[in-house]
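Worksheet for the structure shown next.
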Amino acid sequence: IPLRKRIAAMYPGANFEQVVVTNGTSEANFVACHSLLKPGDEVVMMLPNNMQIWGIAEEMGAKPRAFHLRQENDWAADLEELEAQVNEKTKMIAICNPNNPTGYTLTEAEMDRIIAIAEKVGAWIYADEVYRGAELDGVERPSFYGRYDKALVNGGLSKAYALPGLRIGWLIGPKKVIDTAWAYHDYTSITASVLSHK
258 IPLRKRIAAM YPGANFEQVV VTNGTSEANF VACHSLLKPG DEVVMMLPNN MQIWGIAEEM
318 GAKPRAFHLR QENDWAADLE ELEAQVNEKT KMIAICNPNN PTGYTLTEAE MDRIIAIAEK
378 VGAWIYADEV YRGAELDGVE RPSFYGRYDK ALVNGGLSKA YALPGLRIGW LIGPKKVIDT
438 AWAYHDYTSI TASVLSHK
């Protein structure tokens with residue numbers, strides 16, 4: 258519980274019951290997808306990106322779609338494309354912010370527009386924030402946590418904290434989905450490293 262309390266303290270208004278500790282963020286992504294998606298759902302994913310979520314969605318029988326960061330616009334998100342890709346079957350919009358590999362960080366106005374697009378169809382926003390705190394300009398950006406009632410966020414120690422050997426990641430979000438995530442977590446690794454027991 259102390260570790261979960263420390264993680265929750267990084268997100269204003271959160272408590273430890275809204276946190277599940279995972280074996281790195283790869284496990285967090287797997288558990289999140291299995292907690293939110295079912296066959297026939299659609300996922301709209303920010304690209305370029307790590308393709309793990311795309312592969313998990315396909316493995317589950319969900320359909321991944323893409324919206325892009327545009328190099329010609331200094332890697333800004335093409336939110337017109339996002340809006341065109343979202344429909345009534347969209348269950349999740351997957352974001353990586355700060356983005357890997359471009360380093361692009363969404364503005365608060367862009368975050369708000371993504372939330373508005375998600376709200377129209379009741380989609381979850383799954384925000385991979387493992388690079389939060391390692392922004393290229395040194396200014397830490399706000400989290401999607403707390404901005405939208407259907408936001409699920411991951412984080413971890415491997416990137417911004419440069420502690421990959423500890424294998425500690427996490428999910429934080431509404432307690433109901435975190436309770437579901439705990440159930441899936443019991444079938445993956447049960448726990449992360451020994452330090453996650455603290």
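Position one of the sequence shown corresponds to residue 258 (our numbering), numbered consecutively onward.
A virtual CB, placed ideally from N, CA and C, is assigned to each residue, including glycine.
Query	Result
L326 versus V378, M317, N306, residue with shortest Cα-Cα distance	N306
Beta bridge counterpart(s) of A351 as assigned by DSSP	M302, Y383
Minimum C-alpha distance to G422 - residue among N280, G312, V387, N411	N280
Classification of K295 by the beta-carbon crowding that lies within 10 angstroms, buried from 16 upward	exposed
Straight-line gap, P259 to A289 (C-alpha atoms, nearest Å)	22 angstroms
Segment limits, beta strand (DSSP E) that includes A323	320-327
Residue range of the unbroken beta strand (DSSP E) whose run includes A408	408-413
The region 371-391 in contact with the region 402-420 per 3-pair CB rule at 8 angstroms	yes
Sequence-distant residues of the same chain with beta carbon closer than 6 angstroms to K346, five excluded per side	E299
Endpoints, beta strand (DSSP E) assigned at N286	Premise fails: N286 lies in the alpha helix (DSSP H), 281-293, not in any beta strand (DSSP E).
Proximity below 8 angstroms, CB of K432 to CB of A391	no
Contact under 8 angstroms by Cβ, N411 with E386	yes
Three-state secondary structure assigned by DSSP to L428	strand
Cut-off 6 angstroms between Cβ atoms - residues of its own chain near A363, not counting five sequence neighbours on either side	Per the sequence presented here, residue 363 reads as Leu, with Ala not at that position. Excluding positions up to five away in sequence, the list reads N354.
Rounded C-alpha distance that separates W332 from R322	19 angstroms
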